[in-house]
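Undergrad:
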Amino acid sequence: MSRIKDAFSDGKAFVTFITGGDPDIETTERLILAMAEEGASLIEIGIPFSDPVAEGPVIQAADERALAAGCTTDKLLDMVKSVSQRTDVPLLFMTYLNPIFTYGREKFIKRCAECGIAGIIVPDMPFEEKGELSGLCEENGVDLISMIAPTSDSRAVMIAREARGFLYCVSSLGVTGMRSEIGMEIGRLLVKVREVTDIPCAIGFGISTPEQAAKMSAISDGVIVGSAIVNIVAEHGKDCEPYVREYVRSMKSAVK
Amino acid sequence: MRKGRFGEYGGQYIPEILMSAVQELEDAYEYYKNDPQFNKELDGLLRNYAGRPSLLYFARKMTLDLGGAKIYLKREDLNHTGSHKINNVLGQALLARKMGKTRLIAETGAGQHGVATATAAALMNMECEIFMGKEDTERQALNVFRMELLGAKVHPVTSGTMTLKDAVNETLREWTRRISDTHYAMGSVMGPHPFPTIVRDFQKIISKEIKEQMLEAEGRLPDAVIACVGGGSNAMGAFYEFINDSSVRLIGCEAAGLGVDNPKNAATIANGTVGIFHGMKSLFCQDEYGQIAPVYSISAGLDYPGIGPEHAQLFETGRAQYVPVTDSEAVEAFEYLSKTEGIIPAIESAHAVAYARKLAPQMGRDKIIVVNISGRGDKDVAAIARYRGVDIHE
Chain A
143 MSRIKDAFSD GKAFVTFITG GDPDIETTER LILAMAEEGA SLIEIGIPFS
193 DPVAEGPVIQ AADERALAAG CTTDKLLDMV KSVSQRTDVP LLFMTYLNPI
243 FTYGREKFIK RCAECGIAGI IVPDMPFEEK GELSGLCEEN GVDLISMIAP
293 TSDSRAVMIA REARGFLYCV SSLGVTGMRS EIGMEIGRLL VKVREVTDIP
343 CAIGFGISTP EQAAKMSAIS DGVIVGSAIV NIVAEHGKDC EPYVREYVRS
393 MKSAVK
Chain B
19 MRKGRFGEYG GQYIPEILMS AVQELEDAYE YYKNDPQFNK ELDGLLRNYA
69 GRPSLLYFAR KMTLDLGGAK IYLKREDLNH TGSHKINNVL GQALLARKMG
119 KTRLIAETGA GQHGVATATA AALMNMECEI FMGKEDTERQ ALNVFRMELL
169 GAKVHPVTSG TMTLKDAVNE TLREWTRRIS DTHYAMGSVM GPHPFPTIVR
219 DFQKIISKEI KEQMLEAEGR LPDAVIACVG GGSNAMGAFY EFINDSSVRL
269 IGCEAAGLGV DNPKNAATIA NGTVGIFHGM KSLFCQDEYG QIAPVYSISA
319 GLDYPGIGPE HAQLFETGRA QYVPVTDSEA VEAFEYLSKT EGIIPAIESA
369 HAVAYARKLA PQMGRDKIIV VNISGRGDKD VAAIARYRGV DIHE
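Read top to bottom, the protein sequences are chains A and B. Sequential numbering of the first sequence, starting at 143, is according to this note's numbering. Sequential numbering of the second sequence, starting at 19, is according to this note's numbering.
Spelled out as structure tokens, the structure:
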């Protein structure tokens, strides 16, 4: 049984995202432990990339800050190796295919497993190209997270059947970032997915308020929040921990 | 061979949200590429609107001056809008309209693809939005105004290095925001499948015409075809019909900026490694952690850290060779062609002219070189003046 799937067994999940190394690796480490204490069910750590095409301005800026501060894949792996021994909350990496490919696919996935990473999310690797990593992930016990979007239509069932850990459901069109309104179209797709698989489904992209979290968790197994947290980090820098704690607590209580 | 692959290169590495859009495009293209009505309409546009066929001009003075191989210039600069970009854009705009799309979005570097897209959108009553790196909007201010004059909205892109790669990022992001009525008119033989194939097919008319015109003028094929390479669309167009003619050398000229050993260059084949970016597996300038390198060239159109996947394959198999050309060599060639033949080439195309100047004297007088003049240089005059320290106002 996957540790990630387990995280959905006790009520609805609240999944948080921060960009690794923003504003520095030490702060990322403290935030992981703080978010775990405040009730995050899964924590995604973004490995910064120079050209994150699926991200809106908030996470783009975080990636730029992290890279300018000297964050690298190796430094994040070392940090995760240490922090994963101090929390039971499963940790995931979110990054683009190029940093993984250039690092060396096999070396990267093996190191992820060694360092206690439970899963990876690669937004520019669709179903048709997942062979780049799926075999290596299976061999090393790392869940390769699949994504569906409102445009997936007939593709959603095909993707869901082979999904591991949880199914990442993109709430609406566009890139990551806070939205004032989120439509319900992804909900219709989830109904179809549930007919063929019992994989937990978590909704992400655009969710920032407790009201949105409540609405989206009502139609799914959990919600994912990234830009809103990254925005707090941007605003308060190294002193962001108490603000992130407060925010995670308020969101966690809305996810039911 | 897997779908959309050129050897190991190519593929469809894009967010799930765009997969249905590229599959819809692929289905439409597979249908319309063999549709007689579509081809008749496109042929009519290319002849009566773009001004094809473009001339294959024998550069007598340049040939005499260099004292070696005969030099012919393929005059894509004479096309409507001033470059080869119109070939691809008319094809994609027509295809998009057949698909029921009413809005075109596109990236642009030097502005030539943006101008061509804005032109096609005006002609076909489509909305048009162009994404252009902020640095490029300053280098190519005239083209920004030209696009606006044609009715397009131009978005200066302020993320990353504020050049062509960032413009591609932003156009991809815009596509994920609005898909159902929008076609992304990709400007080069890059991006996810089916774009590298579609753009090549719409550009291969260049080599088809060169072949016919050369057989008529000389009764034989050329010995070498030279073209500049950024993403690689004019080169792919100039090379394609010669790929199976092994006697024809195919030479792509990359932008070496201040030199291949200087960090300020954009020579992907010389300095790049295999990576996955902008939807494709290909060669990219990047660091050991896969961060895409900030590249540099005096030419905004060649200032791109990657290369189309079919070029990566042509390089790997040795069918084509790729050579670096520096800023200073390109500027000298820009001035040389202007003074020698009275033809002001785009600074991009001047990279190809520069290599022809090196190669021609090494070849016998019975040999023939074709240089693809992919665009005209009017847009570059102010930048070349600045390079030479002349302060002129546009």
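Built from N, CA and C at the ideal position, the CB exists for glycine as well.
Along chain B, which residues have their Cβ under 8 Å away from the Cβ of E271(A)?
TA: Simply G29, Q30 and Y31.
Undergrad: Quick check: T99(B) and A124(B), are their CB atoms within less than 7 Å of each other?
TA: Not a contact, by the Cβ cut-off of 7 Å.
Undergrad: Apart from the five residues on each side of it in sequence, which residues of its chain come closer than 7 Å, Cβ to Cβ, to K252(A)?
TA: Around K252(A): N282.
Undergrad: Output yes if chain A places a C-beta closer than 7 Å to the C-beta of Q331(B); else output no.
TA: No, Q331(B) does not count as interfacial toward chain A.
Undergrad: With DSSP run on the structure shown, which of helix, strand or coil describes C246(B)?
TA: C246(B) falls in the strand class under three-state DSSP.
Undergrad: Which residues bound the beta strand (DSSP E) around A370(B)?
TA: Segment I365 to L377 is the alpha helix (DSSP H) holding A370(B); no beta strand (DSSP E) there.
Undergrad: Between N373(A) and chain B, is the shortest Cβ-Cβ distance under 7 Å, so that the two count as touching?
TA: No, because no Cβ of chain B sits closer than 7 Å to the Cβ of N373(A).
Undergrad: Kindly list the residues whose CB is nearer than 6 Å to the CB of M19(B), restricted to its own chain and excluding five residues on each side of it in sequence; keep chain order.
TA: Because the pLDDT at M19(B) is just 48, under 50, the model does not fix this residue reliably, and the value given afterwards should be weighed accordingly. Once the five neighbours on either side are set aside, M19(B) has no close Cβ partner at all.
Undergrad: Which residues of chain B have a Cβ atom closer than 7 Å to the Cβ of V222(A), listed in chain order?
TA: In chain order: nothing, as chain B lies at least about 16 Å away.
Undergrad: What are the complete beta strand (DSSP E) segments, minimum 3 residues, inside the stretch 162 to 224 of chain B?
TA: List check, beta strand (DSSP E) in window: 171 to 175 and 200 to 202.
Undergrad: Can you confirm whether Y314(B), when its beta carbon is compared against all beta carbons of chain A, has any partner nearer than 7 Å?
TA: No, no contact with chain A.
Undergrad: Which residues of the stretch 289 to 301 of chain A have a Cβ closer than 8 Å to any Cβ of chain B? Give them in chain order.
TA: From the stretch 289 to 301 of chain A, only M289, I290, A291, P292, T293, S294, D295, R297 and I301 have a Cβ closer than 8 Å to chain B.
Undergrad: Counting beta carbon pairs with one atom in the stretch 210 to 226 of chain B and one in the stretch 168 to 182 of chain B, are three or more of them shorter than 8 Å?
TA: Result no; under three Cβ-Cβ pairs closer than 8 Å.
Undergrad: In the DSSP assignment, find the alpha helix (DSSP H) that holds M300(A) and state where it starts and stops.
TA: R297 to R303 is the extent of the alpha helix (DSSP H) around M300(A).
Undergrad: Along chain A, which residues have their Cβ under 8 Å away from the Cβ of G293(B)?
TA: Ordered by position in chain A, the residues that pass the 8 Å Cβ test against G293(B) are N240, F243 and T244.
Undergrad: Y49(B): buried (16+ other C-beta within 10 angstroms of its C-beta) or exposed?
TA: Flag for Y49(B) reads exposed.
Undergrad: Helix, strand or coil: how does DSSP classify M19(B) here?
TA: In this prediction, M19(B) has a pLDDT of 48, which is less than 50 and means its spatial position is unreliable; nothing more can be read from the coordinates.
Undergrad: CA-CA distance, S392(B) and D219(B)?
TA: The alpha-carbon atoms of S392(B) and D219(B) are separated by roughly 16 Å.
Undergrad: Give the list of continuous alpha helix (DSSP H) stretches no shorter than 4 residues that lie fully inside the stretch 187 to 214 of chain A.
TA: With a minimum length of 4 residues, the continuous alpha helix (DSSP H) runs that stay inside the stretch 187 to 214 of chain A are 199 to 210.
Undergrad: So within the stretch 32 to 112 of chain B, which uninterrupted beta strand (DSSP E) runs reach at least 3 residues, ignoring any that extend past its ends?
TA: Listed in chain order, they are 74 to 76 and 88 to 93.
Undergrad: DSSP three-state call for D409(B): helix, strand or coil?
TA: The answer is coil: DSSP assigns D409(B) none of H, G, I, E or B.
Undergrad: Let me know the secondary structure DSSP gives M150(B) once reduced to three states.
TA: Strand.
Undergrad: Taking 8 Å as the threshold, find out whether the stretch 303 to 312 of chain B comes into contact with the stretch 183 to 203 of chain A through three or more Cβ pairs.
TA: Judged by Cβ distances under 8 Å, the stretch 303 to 312 of chain B makes contact with the stretch 183 to 203 of chain A, as three or more pairs qualify.
Undergrad: Can you find a C-beta in chain A that's less than 7 Å from the C-beta of G308(B)?
TA: Yes, contact with chain A.
Undergrad: Tell me the rounded alpha-carbon separation between Y405(B) and K229(B).
TA: Spanning the two alpha carbons is a distance of roughly 37 Å.
Undergrad: Which residues in the same chain as I374(A) place their Cβ atom closer than 7 Å to its Cβ, once the five residues preceding and following it in sequence are excluded?
TA: Excluding residues within five positions, the ones whose Cβ falls inside 7 Å are C382, Y385, V386 and Y389.
Undergrad: Quick one: is L122(B) near chain A, going by C-beta distance under 7 Å?
TA: It does not; no Cβ of chain A falls within 7 Å.
Undergrad: Could you check how far apart the C-beta atoms of V343(B) and K92(B) are, in whole angstroms? I think they sit under 8 Å.
TA: About 18 Å separates the two Cβ atoms, so there is no contact after all.
Undergrad: If you compare alpha carbons, which of P240(B), L233(B), K103(B) and N105(B) is closest to K385(B)?
TA: The candidate whose alpha carbon is nearest that of K385(B) is P240(B).
Undergrad: I'd like to know if M19(B) contacts chain A, where contact means its C-beta is closer than 7 Å to some C-beta of that chain.
TA: The predicted model places M19(B) with a pLDDT of 48, which falls under 50 and marks its position as unreliable; any figure quoted below should be read in that light. Closer than 7 Å: no.
Undergrad: At 8 Å on the CB atoms, spell out the chain A contacts of L13(B), in chain order.
TA: Since the first and last residues shown for chain B are 19 and 412, residue 13(B) lies out of range.
Undergrad: Between L219(A) and chain B, is there a C-beta pair that is closer than 7 Å?
TA: Answer no: the Cβ-Cβ gap between L219(A) and chain B never drops below 7 Å.
Undergrad: Ordered along the chain, which non-local residues of its own chain (more than five positions away) have a Cβ less than 6 Å from that of G319(A)?
TA: Closer than 6 Å at the Cβ level, and outside the excluded window around G319(A), lie G198, V200 and S369.
Undergrad: Compute the beta-carbon to beta-carbon distance between G319(B) and E259(B), rounded to the nearest angstrom, for a pair I have assumed lies under 8 Å.
TA: Wrong, their Cβ atoms sit about 23 Å apart, outside the cutoff.
Undergrad: Quick one, are the C-beta atoms of V175(B) and G151(B) less than 7 Å apart?
TA: Result yes, Cβ atoms of V175(B) and G151(B) sit closer than 7 Å.
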